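Asks: One line per chain: the protein sequences are G, Z, S and L, in this order. Position one of the first sequence corresponds to residue 761 (the working numbering), numbered consecutively onward. Position one of the second sequence corresponds to residue 761 (the working numbering), numbered consecutively onward. Position one of the third sequence corresponds to residue 761 (the working numbering), numbered consecutively onward. Position one of the fourth sequence corresponds to residue 761 (the working numbering), numbered consecutively onward.
Number of protein chains: 4
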Amino acid sequence: MRFAFFGDVVGRAGRDALAEHLPGLKRKLDLEFVIINAENASAGFGVSENSARQLFDAGADCLTLGNHSWDQKEALTYIVREPRLIRPINYPPLADAPGRGANLFETASGKRILVMNVLGLVNMASMDDPFAAVDKQLESCPIGMACDAIVVDMHAEATSEKMAMGHFCDGRATLVVGTHTHVPTGDHQILPGGTAYQTDAGACADYDSVIGMDKEEPLRRFTTRIGKERYRPASGPATICGVYVESDDRTGLATRIEPIRIGGRLSQSIPSLKVAEFQAG
Amino acid sequence: MRFAFFGDVVGRAGRDALAEHLPGLKRKLDLEFVIINAENASAGFGVSENSARQLFDAGADCLTLGNHSWDQKEALTYIVREPRLIRPINYPPLADAPGRGANLFETASGKRILVMNVLGLVNMASMDDPFAAVDKQLESCPIGMACDAIVVDMHAEATSEKMAMGHFCDGRATLVVGTHTHVPTGDHQILPGGTAYQTDAGACADYDSVIGMDKEEPLRRFTTRIGKERYRPASGPATICGVYVESDDRTGLATRIEPIRIGGRLSQSIPSLKVAEFQAG
Amino acid sequence: MRFAFFGDVVGRAGRDALAEHLPGLKRKLDLEFVIINAENASAGFGVSENSARQLFDAGADCLTLGNHSWDQKEALTYIVREPRLIRPINYPPLADAPGRGANLFETASGKRILVMNVLGLVNMASMDDPFAAVDKQLESCPIGMACDAIVVDMHAEATSEKMAMGHFCDGRATLVVGTHTHVPTGDHQILPGGTAYQTDAGACADYDSVIGMDKEEPLRRFTTRIGKERYRPASGPATICGVYVESDDRTGLATRIEPIRIGGRLSQSIPSLKVAEFQAG
Amino acid sequence: MRFAFFGDVVGRAGRDALAEHLPGLKRKLDLEFVIINAENASAGFGVSENSARQLFDAGADCLTLGNHSWDQKEALTYIVREPRLIRPINYPPLADAPGRGANLFETASGKRILVMNVLGLVNMASMDDPFAAVDKQLESCPIGMACDAIVVDMHAEATSEKMAMGHFCDGRATLVVGTHTHVPTGDHQILPGGTAYQTDAGACADYDSVIGMDKEEPLRRFTTRIGKERYRPASGPATICGVYVESDDRTGLATRIEPIRIGGRLSQSIPSLKVAEFQAG
Ligand SMILES: [Fe+2]
Ligand SMILES: [Fe+2]
Ligand SMILES: [Fe+2]
Ligand SMILES: [Fe+2]
Ligand SMILES: [Fe+2]
Ligand SMILES: [Fe+2]
Ligand SMILES: [Fe+2]
Ligand SMILES: [Fe+2]
């Protein structure tokens, strides 16, 4: 199975870049499934129904969220109607959070892919144990048996917690990929047990910015500690950042992971489909 | 000028990999100066005189530190004798911190390179303003005039604070590179004003680990919240991670930045010296 | 029912002051039950079996813990044998934490008192939701029916989270009292629903100190950011700090709460038993 | 000299209670100077010119601020015109913060009192070292010589940092009092060197609340992690909380500190002026 995951889309620049590059990439890589983290899709804060639709139109099959899930209040009701929108799974029991934290999708060719979104705890918002929440999902849906692929979007700040989640899921998930820091990491690898891993997918954003936001206000706050304006997404050409993964449908484990960085300022990384694979697909 | 910067060395695996790969790389890339962040060089915590010597022997010209500077108490006295060891610059005035937070080095060919180490504040130890501390150095040593290159090691957790530091120094430093997260980022670029930038250099460490540490104890603490043993560095083959930079000696600004990832599990990235450059050097 | 709760005992000074003052106070106030937070009883860090015994000998019927529960490793096995020792209740499911987070005690006169210890999340160690964990206990043991009194030790940093826990339990617990900050608060009150509340019980410690620790090292670290020695408990005369509570055995709700501050430097507050109550008792 | 300090005023309930109780208390205690922390005076967030005037009319001679200083943007310009408004002193050098962090006032009888406001760092906003900032003020204005009294408003979260500030100033200031937690502490004392100290003055607020705010929304957020509405100040009768201090004008050191808690739900504490003192005054 061939699929891709893209990190936090920041505002219009990110949405536009996905609309520009994603359709061609899907064809080129013969992607069966595309997941995009959309927690910053609407003007940098949360996701509106309108922004979500643009991402679905660009080729997303599933959108994940994070600590900014509800910055646009309409997301609280939109998610109830939209099963392709996935919020963090580790809300505490009294939260009665709307929507779902994991969902099993069926691709056009009939493959089943489980996607979940989970919030880390280190230097983040307080949530219940992300490891226990993920464990419960992995145990109830054994990879290679109950589904063909499992993707864990580990939305977290600390590299330690993300790497720990990678190892925790190793051999039980197809891909563990981090989001939230808005910077792609260069540590993509297949862990010893067969799970593809990258600490952060990076943002789909203009990288002449501060994590996708126009530089001026963040610089003011860092140097003076006194804010003046709201943060606004930077509007220059965005780089869409993510990972491309190939997996073995018999085991559900990964056979390849490559970084994707297309457009904008960052060094470009565009996976290529080998001919043999394409024919076999 | 051609120089390289390597991120946090974690224990023996990191030191050994540098001893193995760095001498050849220096020759291959004709490096004039090598900086290594050594805050985790001694068994993962701080730097001893012995560990520092191994890194100098491997080819380091300068070692930087971070929030783990004094984990080995001997570093408090060693740094007073060793001007090539640089600790964070933004201690508060009452600290009377030993050693220095910045130093101007002269290379074999007579070029002058200013290196400083600074601690970020977001989700880190409390220190005085890193921006003001760096600003003071940059203003007192104008690049291209009082020195040929300036390197800022921004030892910080948050990607936002690191990117802000990059822009803050843009046009005034040759390289702003982050350390501390122990994961290399894939966002190397030359900022609009001419400063090379990468959010994190990554660690020189075994990447089948949790940020360079043996997986078992971190996984135990994340899942149970009850520690059992000390953290120990992972002992598998390390990847040395860093950046290679070329700068224009007339302006001090960067003309090229490439990631370095050699050895171990991560995808390899080895810059090559173009023939013309080598002759011109 | 008449009972007392004392906050974090810090080292020998705190243990000695309890040994000196508690036996007389139990007689004077005709206390049926005494709870002491012991997370700092052993040299300021955790609780050993030996320290626990001194507190039981002084008159404690139950000891609670906190974020320092396991600083003395022997507590991990001691707690399995000692049902009077209560650790935080909100460990995540994978923790399999030793001991118990709540226990129902029977007093000499046959009254049943449920005691639980819970860790707050704001600026503390990561744990599962404290509100959900407490809710489960309160629902399974209705006050005035399944027991005569319920005490919630809310071990937390933030005053907001502690006050929220007070209101969350109001009408369902006899006492919600905070621990962890090592400073008694002056806000004891009976909440609208009948639950006695004080944001922090305060420490049983020498108050010529920094939260019970010898001043020198904390002052050094605050002013220089560079530690030199371990923290040691201050050794001057301690003030034992806590609250005295009277409750209605028919409802389990509180009818009186008074602060206790005896010995040492702080202004003294010693509740007195009214004659009528004593006879009725 | 006799003066009083009141902690964070939360919204209208706090302002009204001060208007009701402060004028009489000033007469009764023959107060020469009154300081009020006003960082939450305007609907719980920051201070407007209008709110400040109400507090001056109620009897304040000086208002201090904190981490909420600029929640009302008009405060950024108002403070430039109003020397009786004091913001945190430890902004970094590049901040160029408006207004002042310390001011020397002269009372009607010609006594000089220096008031400063400083932000703690532990679990708070990042600022430059509070100890260095306070030290500079204390050294430039020796108590008993350059002024008759010095008050340090230590606006901080952690009890440890506040107690450390108390000891740091001991013998050099008349009063070190904490603010920010919105809960009065019961640990008022005169430190060994003669400085009056209380970890937190407490809020001037309705205590049937979560730190002065209406309970509903904080409880929702704590239990569900999903916000619904803005925080609003609780509107029940407020308790005004603070400390009353008497000092020796020859030395500037404290001779007495008593808690003040008047009105509302908390146990009342109203200092009384001894006849002999009144005549001596
Ligand atoms: Fe994001
Ligand atoms: Fe996020
Ligand atoms: Fe570090
Ligand atoms: Fe490090
Ligand atoms: Fe604690
Ligand atoms: Fe404690
Ligand atoms: Fe505050
Ligand atoms: Fe406040």
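Glycine included, C-beta positions come from ideal geometry on N, C-alpha and C. Just so we're clear, the structure is a prediction, and the values are computed from it rather than from any experiment.
#1: Could you pull out every residue in the same chain whose Cβ sits closer than 7 Å to the Cβ of TRP830 of chain L, ignoring the five residues on either side in sequence?
#2: Tell me which residues of the stretch 961–982 of chain Z have at least one Cβ-Cβ distance to chain G shorter than 9 Å, keeping chain order.
#3: Can you name the residues of chain G whose CB is closer than 7 Å to the CB of ALA892 of chain S?
#4: Give me, in chain order, the residues of the same chain whose beta-carbon lies closer than 7 Å to that of GLU866 of chain S; leave out the 5 immediate sequence neighbours on both sides.
#5: Would a C-beta distance cut-off of 8 Å place VAL1003 of chain L and PRO1019 of chain L closer than the cut-off?
#6: Is it buried or exposed for GLY987 of chain Z, if we count other Cβ within 10 angstroms and need 16 for buried?
#7: Among Z:LYS788, Z:ILE796, Z:ARG762, Z:VAL936, whose alpha-carbon lies nearest the alpha-carbon of ALA965 of chain Z?
#8: What does THR740 of chain G touch in chain L if you count any residue whose Cβ is under 9 Å from its own?
#9: Per DSSP, what are the beta-bridge partners of GLU866 of chain L in this structure?
#10: Can the beta-carbon of LEU778 of chain S be found less than 8 Å from the beta-carbon of PHE766 of chain S?
#11: Within the same chain, show all residues whose beta-carbon is closer than 6 Å to that of ASP1008 of chain S, passing over the 5 residues directly before and after it, in chain order.
#12: Rounded to whole angstroms, what's the CA-CA distance from SER920 of chain G to HIS940 of chain Z? Just pull it up for me.
#13: How is PHE805 of chain G classed by DSSP in three states: helix, strand or coil?
#14: Suppose you measure from the CA of LEU1026 of chain Z to the CA of GLN949 of chain G; what does that come to, to the nearest Å?
#15: Could you tell me whether the Cβ of SER886 of chain L comes closer than 8 Å to any Cβ of chain G?
#16: When you check each C-beta in the stretch 1010–1021 of chain L against every C-beta of chain B, which residues fall closer than 7 Å?
#17: Is the separation between the beta-carbon of TYR851 of chain G and that of ASP889 of chain G shorter than 8 Å?
#18: Counting only the same chain and skipping the five closest in sequence on each side, list residues whose C-beta sits under 6 Å from that of ALA855 of chain G.
#19: Between the stretch 924–941 of chain G and the stretch 888–907 of chain G, do at least 3 Cβ pairs fall closer than 8 Å?
#20: What do you get for LYS833 of chain G, buried or exposed, if any count of 16 or more other CB atoms within 10 angstroms of its CB means buried?
#21: State buried or exposed for GLY972 of chain Z, treating a residue as buried only when at least 16 other CB atoms are found within 10 Å of its CB.
#22: In the structure shown, what three-state DSSP assignment does PRO858 of chain Z receive?
#23: Can you give the Cα-Cα distance for GLN814 of chain L and ALA868 of chain L, rounded to whole angstroms?
#24: Buried or exposed for VAL911 of chain Z, please, with buried defined as at least 16 other CB atoms from any protein chain shown within 10 angstroms of its CB.
#25: Does chain S have any CB closer than 8 Å to the CB of ALA924 of chain L?
#26: Can you list the residues of chain S that GLN1028 of chain L reaches, using a CB-CB cut of under 7 Å?
#27: Thinking C-alpha only, which one of G:ALA803, G:HIS828, G:THR824 is nearest ARG860 of chain G?
#28: When we look at the beta-carbon of SER1032 of chain S and count the other beta-carbons within 10 Å, is it buried (16 or more) or exposed?
#29: Would you tell me roughly how many angstroms separate the C-alpha atoms of GLU842 of chain S and GLU989 of chain L, rounded to the nearest one?
#30: So what's SER920 of chain Z in DSSP terms, helix, strand or just coil?
#31: Quick one: measure Cβ to Cβ for GLY962 of chain Z and GLY946 of chain G, integer angstroms, because I've assumed they're closer than 8 Å.
#32: From GLY1012 of chain L to PHE763 of chain L, what does the alpha carbon distance come to, in whole angstroms?
#33: Can you tell me the Cα-Cα spacing of ASN800 of chain L and ASP974 of chain L, whole angstroms?
#34: Distance check for SER886 of chain G and ARG985 of chain S, CA to CA, integer angstroms please.
#35: So which residues on chain L does LEU881 of chain Z lean against when the C-beta distance must stay under 8 Å?
#36: Quick one: list the residues of chain L neighbouring ASP930 of chain Z, beta-carbon separation under 7 Å, in chain order.
Replies: The structure says:
#1: GLY806, LEU836
#2: In summary, the residues of the stretch 961–982 of chain Z whose CB is separated from some CB of chain G by less than 9 Å are GLY962, TYR967, ASP968, SER969, VAL970, ILE971, MET973, LYS975, PRO978, LEU979, ARG981, PHE982, in the order they occur in the chain.
#3: Those are PRO852, PRO853, LEU854, listed as they occur along chain G.
#4: Only residues of its own chain outside the window of five on either side were considered, and among them ARG872 have a CB closer than 7 Å to the CB of GLU866 of chain S, listed in chain order.
#5: yes
#6: exposed
#7: The candidate whose alpha carbon is nearest that of ALA965 of chain Z is Z:ILE796.
#8: Outside the shown range of chain G (761 to 1041) lies residue 740 of chain G, about which nothing can therefore be said.
#9: L:ARG872
#10: Result yes, Cβ atoms of LEU778 of chain S and PHE766 of chain S sit closer than 8 Å.
#11: THR1015
#12: Distance between the alpha carbons of SER920 of chain G and HIS940 of chain Z: 11 Å.
#13: coil
#14: 6 Å
#15: yes
#16: Going by chain labels, chain B is absent from the structure shown, which instead holds the protein chains G, Z, S and L.
#17: no
#18: none
#19: yes
#20: exposed
#21: Under this definition GLY972 of chain Z is a buried residue.
#22: coil
#23: 20 Å
#24: buried
#25: Output row for ALA924 of chain L: interface = yes.
#26: Near GLN1028 of chain L there are no residues of chain S at all, since even the closest Cβ is about 11 Å away, more than 7 Å.
#27: That would be G:THR824, whose Cα lies nearest to the Cα of ARG860 of chain G.
#28: With fewer than 16 Cβ atoms within 10 Å of its Cβ, SER1032 of chain S is classed as exposed.
#29: 46 Å
#30: helix
#31: GLY962 of chain Z to GLY946 of chain G, Cβ: 7 Å. Contact.
#32: 12 Å
#33: 14 Å
#34: 28 Å
#35: SER886
#36: The contacting residues do not exist; ASP930 of chain Z stays about 16 Å from chain L at best.
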